[in-house]
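**Student:**
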Amino acid sequence: MIKKTRGLRVVKQDRNVKKENWKKKPAAGKQGRSLDDKFEEWVGEKPVKKAGKSSEQKTGRKEDWSRARKKDGKNADQKSARDFACGKVEKFGKADGKSAQKSFGKSARKDTMNFGKKSEPKRGFGDSPKSGKLQSVAEEKKAPKKKGLCPVAHRCGGCQYLDVPYAEQLQMKQSQMQKLLGNYCKVHGIKGMDDPFHYRNKVHAVFGYRKGEAISGVYEEKTHNIVPVETCMIEDQKADEIIGTIRGMLKSFKIRTYDEDTGYGLLRHVLVRRGFTSGQIMVVLVTASPVFPSKNNFVKALRQKHPEITTIVQNINNRGTSMVLGDKEHVLYGKGYIEDELCGCKFRISPKSFYQVNPVQTEYLYGKAIELAGLTGNERVLDAYCGIGTIGIIAASKAKEVIGVELNADAVRDAVQNAKCNDVKNIRFYCNDATEFMMQMAASGDTVDVVLMDPPRAGSTEAFIKAVAAVKAKTVIYVSCGPDTLVRDLGVFKKMGYQAEGAWPVDMFPATGHCEVVVKILKR
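Going left to right, the sequence shown walks through residues 252 to 775 as the numbering used here numbers them.
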């Protein structure tokens with residue numbers, strides 16, 4: 252005999268059926284609703300009014316259940332109906348001559364009841380969800396289900412469009428760029444990739460501990476819950492392999508992964524960077540403490556498994572923030588940096604250096620930026636947000652003089668070394684805020700011809716754009732990784748007497764919702 256249960260009712264909402272707790276209290280002086288009444292409410296039949304527990308009333312309830320079940324052309328007895336309401340397997344209709352079975356017990360999610368959810372194509376930028384009635388199980392059974400390329404894509408949130416055909420992804424991004432920038436300038440065709448997989452040469456994995464085992468992966472979207480990831484469709488395959496090796500070594504070396512809640516543990520993150528042309532590999536072990544037991548043996552064992560590793564660095568991050576890298580570093584093996592080649596120039600990449608993660612598309616991106624600058628060899632160029640000097644050093648061979656400005660001291664040191672490595676003598680680097688630097692130039696009557704700017708996703712500032720006008724720049728090449736903030740900045744440029752002449756989108760991040768774009772801006 253069933254003593255306790257909870258009634259169910261169907262609620263239609265975007266093709267999902269929700270299971271809600273029945274919390275309605277019985278009226279004063281009346282008994283609570285029975286399981287039979289609740290089930291009749293659930294199936295949409297009016298309960299039979301009863302005065303007592305007579306056999307006629309039991310027969311009436313049985314007839315109600317029968318009417319509710321006649322949709323499938325079969326009768327059900329009282330016991331099967333109760334079993335159904337309690338979460339046991341029940342049969343619904345037929346599809347292709349076979350009964351479609353669904354479980355409503357503990358295996359179902361807490362807040363939904365799965366009626367064989369139909370696979371739907373991913374939606375594009377700004378697309379609204381499609382409305383429609385909940386399909387029957389038989390109809391949904393006929394719809395073929397596609398197996399996704401990544402088993403954790405729905406939890407990771409990094410590859411929103413992984414299962415969307417690449418040509419369709421490009422169309423979506425082209426359309427979005429047109430909507431955002433079409434009122435400012437002509438939007439040219441997007442530059443896509445021949446092979447849109449495994450393009451990221453920088454791979455970051457967060458480490459944690461679950462059920463007695465070390466895990467590594469990414470944070471679930473908008474949370475700090477770790478989603479274990481073995482391989483990723485957009486990450487460098489060798490980097491994924493190295494991260495897996497490190498995870499497997501932790502137990503034998505008795506290294507505990509860091510726990511954000513307790514502050515206990517050593518290994519927090521692993522960062523792997525691979526040179527696209529050089530093949531050099533850097534591994535960064537981010538630890539919560541400078542004390543790394545058996546670190547020499549650990550490094551030796553890792554190199555035995557992966558002799559292709561060029562350098563290994565320990566980064567110490569003991570702060571309780573979401574920042575991945577800390578301030579202090581120790582080189583455990585190698586030089587502490589790797590080198591790579593881009594647009595014919597060599598660049599040194601250290602753990603904290605900003606370097607584009609898609610080298611194939613970066614070649615086109617920077618080449619297009621310098622082409623649009625229209626350099627003839629007589630221009631004075633200012634490379635704002637210069638990082639390790641990539642764009643400025645590439646442009647130096649076509650300009651009279653290049654000035655690089657960067658606030659990150661580590662990046663400036665790398666930029667100076669990169670200029671020496673490439674024997675570039677007409678470039679100077681300054682560790683300063685670009686806005687303040689240009690205002691100081693303007694105050695002394697100094698000017699520039701071209702400004703190259705590649706700001707972070709947050710975009711630039713109104714003060715920076717005013718400083719660009721103050722140094723009387725005739726041409727601005729804006730490389731943006733945040734089109735939304737680019738639109739905001741173009742509005743400020745327009746107020747300062749500048750006009751966007753054209754935009755060239757570049758798909759730097761296939762399978763994601765992000766898009767890079769180069770815009771040429773001229774002084775009117």
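C-beta: ideal position from N, C-alpha, C; glycine also. On a predicted model such as this, the values are computed, not experimentally measured, just so you know.
Between the beta-carbon of Ser452 and the beta-carbon of Asp487, is there less than 7 Å?
**Tutor:** According to the sequence provided, residue 452 is Asn. The question's Ser does not apply to it. Cβ distance < 7 Å, so Asn452 and Asp487 count as in contact.
**Student:** Per DSSP, what kind of secondary structure is Met704 in: helix, strand or coil?
**Tutor:** Met704 falls in the strand class under three-state DSSP.
**Student:** Leaving aside the five residues before and after Val403 along the sequence, list all residues of the same chain whose C-beta is less than 8 Å from its C-beta, in chain order.
**Tutor:** For Val403, where only same-chain residues beyond five positions count, the Cβ hits under 8 Å are Gly468, Val478, Pro479 and Val480.
**Student:** Measure the beta-carbon distance from Val656 to Ala685 and round it to whole angstroms, keeping in mind my assumption that it falls under 8 Å.
**Tutor:** So it is a contact: roughly 5 Å between Cβ atoms.
**Student:** Whole angstroms are fine: how far does the CA of Asn629 sit from the CA of Met574?
**Tutor:** About 42 Å.
**Student:** Where Thr513 and Pro541 are concerned, what is the direct C-alpha to C-alpha distance, given to the nearest angstrom?
**Tutor:** Thr513 and Pro541: Cα-Cα distance of roughly 18 Å.
**Student:** Among residues of its own chain, excluding the 5 on either side of Ala724, which ones have a beta-carbon nearer than 6 Å to its beta-carbon?
**Tutor:** Cβ within range, chain order: Val699 and Val702.
**Student:** Kindly say whether Asp591, judged by its beta-carbon, lies nearer than 7 Å to any beta-carbon of chain D.
**Tutor:** In the structure shown, chain D does not exist; there is a single protein chain.
**Student:** Note down, in chain order, each residue of its chain lying with its Cβ closer than 6 Å to the Cβ of Ala754, except the 5 sequence neighbours on either side.
**Tutor:** Within the same chain, Ala754 has close Cβ partners Leu432, Cys436, Val438, Val768 and Val770.
**Student:** My output table needs one value for Pro683: the three-state DSSP class, helix, strand or coil.
**Tutor:** Note that residue 683 is Asn in the sequence shown, not Pro. Note: Asn683 maps to coil in three-state DSSP.
**Student:** Per DSSP, which residues does Ile642 bridge with? Please list them.
**Tutor:** Answer is none; Ile642 lacks a bridge partner.
**Student:** Helix, strand or coil: which one does DSSP assign to Val261?
**Tutor:** Its pLDDT being 40, under 50, Val261 is placed unreliably by the model, and the measurement read from it follows with that caveat. Coil, per DSSP.
**Student:** Can you confirm whether the region 709-723 touches the region 413-428 when touching is taken to mean that 3 or more C-beta pairs between the two stretches lie within less than 8 Å?
**Tutor:** No: fewer than three Cβ pairs fall under 8 Å.
**Student:** Mind reading off the beta-carbon distance from Val730 to Asp758? Whole number of angstroms is fine, and I expect it under 8 Å.
**Tutor:** With 8 Å as the limit, Val730 and Asp758 do not qualify as a contact, their Cβ atoms being about 14 Å apart.
**Student:** Kindly list the residues whose CB is nearer than 6 Å to the CB of Ser545, restricted to its own chain and excluding five residues on each side of it in sequence; keep chain order.
**Tutor:** If we look at Ser545 and ignore the five residues flanking it on each side, its Cβ neighbours are Phe504.
**Student:** Residue range of the alpha helix (DSSP H) that Phe618 falls in?
**Tutor:** Just to set this straight, residue 618 is Gly in the shown sequence, not Phe. Pro610 to Ala624 is the extent of the alpha helix (DSSP H) around Gly618.
**Student:** Would you identify the three-state DSSP class for Met533, choosing helix, strand or coil?
**Tutor:** Strand at Met533.
**Student:** If I measure Cβ to Cβ from Gly764 and keep anything under 6 Å in the same chain, skipping five residues before and after, which residues do I get?
**Tutor:** Gln411.
**Student:** Excluding the 5 residues flanking Asp665 on each side, which residues of the same chain have their C-beta closer than 7 Å to its C-beta?
**Tutor:** Once the five neighbours on either side are set aside, the close Cβ partners of Asp665 are Arg599, Ser601, Ser604 and Ile639.
**Student:** For Lys309, I'd like the list of residues in its chain whose CB is within less than 6 Å of its CB, leaving aside the five on either flank, ordered along the chain.
**Tutor:** Here the model assigns Lys309 a pLDDT of 44, short of 50, so the residue's position is not dependable and the matter cannot be decided.
**Student:** From Arg507 to Ala465, what distance separates their C-alpha atoms?
**Tutor:** Looking at the two C-alpha atoms, the distance is approximately 8 Å.
**Student:** By DSSP, does Phe598 sit in helix, in strand, or in coil?
**Tutor:** Here Phe598 sits in strand by DSSP.
**Student:** First and last residue of the alpha helix (DSSP H) that includes Ser426?
**Tutor:** Looking at the DSSP string, the run of the alpha helix (DSSP H) that includes Ser426 is Tyr417 to Leu432.
**Student:** Could you tell me how far apart the beta carbons of Cys682 and Ala660 are, in whole angstroms, since I believe they sit closer than 8 Å?
**Tutor:** Yes, Cys682 and Ala660 are in contact; Cβ-Cβ is about 5 Å, under 8 Å.
**Student:** If you reduce the DSSP assignment to three classes, tell me which class Lys546 lands in.
**Tutor:** Three-state result, Lys546: helix.
**Student:** What are the start and end residues of the beta strand (DSSP E) that includes Asp591?
**Tutor:** Ile589 to Leu593 is the span of the beta strand (DSSP E), which, as asked, contains Asp591.
**Student:** Is the region 613-633 close to the region 645-656, with three or more CB pairs under 8 Å?
**Tutor:** In short, these stretches touch, since the Cβ pair count reaches three.
**Student:** On the premise that Val457 lies in contact with Tyr470, defined as a C-beta separation below 8 Å, what is that separation, rounded to the nearest angstrom?
**Tutor:** Confirmed, Cβ separation roughly 6 Å.
**Student:** Only counting the same chain, and skipping five residues up and downstream in sequence, which positions put a Cβ closer than 6 Å to that of Ser305?
**Tutor:** Caution applies to Ser305, whose pLDDT of 46 falls short of 50 and renders its modelled position unreliable; the value that the coordinates give is listed next. So the list is empty, once near-sequence residues are dropped.
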